[in-house]
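See below for the structure under consideration.
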Amino acid sequence: MTREDLKDKVREDLGLTKQEASEIVEGVIETIRQTLSNGEEIILSGFGKFAVREKKQRAGRNPKTGQEYEISPRRVVSFKPSKVFKDALNVK
102 MTREDLKDKV
112 REDLGLTKQE
122 ASEIVEGVIE
132 TIRQTLSNGE
142 EIILSGFGKF
152 AVREKKQRAG
162 RNPKTGQEYE
172 ISPRRVVSFK
182 PSKVFKDALN
192 VK
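Heads up: the sequence shown begins at 102 in the numbering used here, then just goes up one per residue.
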């Protein structure tokens, strides 16, 4: 699902105009982006938790050439699904 698909789904489900649905989706995405940039977690009950993790500097290797290099430290976003979400995915 793309951002545009999400906007269309919100528009259809809530009976909004395209502009209103776009503002809502963009607002939610921006809020998530800012919250994670500040190092805060986002917990959506029944869905999961987004958190920022610090990755340390480490050694890497180019698989094509075998040349080693250092991978710089960085922050990454991780997602841990809730038990409810995992159970819903695995319903048979």
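Ideal Cβ positions, reconstructed from N, Cα and C, are used throughout, including at glycine.
Fair warning: this is a prediction, and the values are worked out from it, not measured in the lab.
- Note on residue 108: 16 or more other CB atoms within 10 angstroms of its CB, so buried under the neighbour-count rule.
- Nearest neighbour of residue 156 by Cα position, chosen from 124, 172, 133, 165, turns out to be 172.
- Residue 186 sits in a helix when the DSSP states are folded into three classes.
- With 16 or more other Cβ atoms inside 10 Å of its own Cβ, residue 122 counts as buried.
- The way I'd put it, the segment 172–188 does touch the segment 144–164; three or more beta-carbon pairs between them come closer than 8 Å.
- In this structure, residue 140 places its C-beta atom within 7 Å of the C-beta atom of residue 153.
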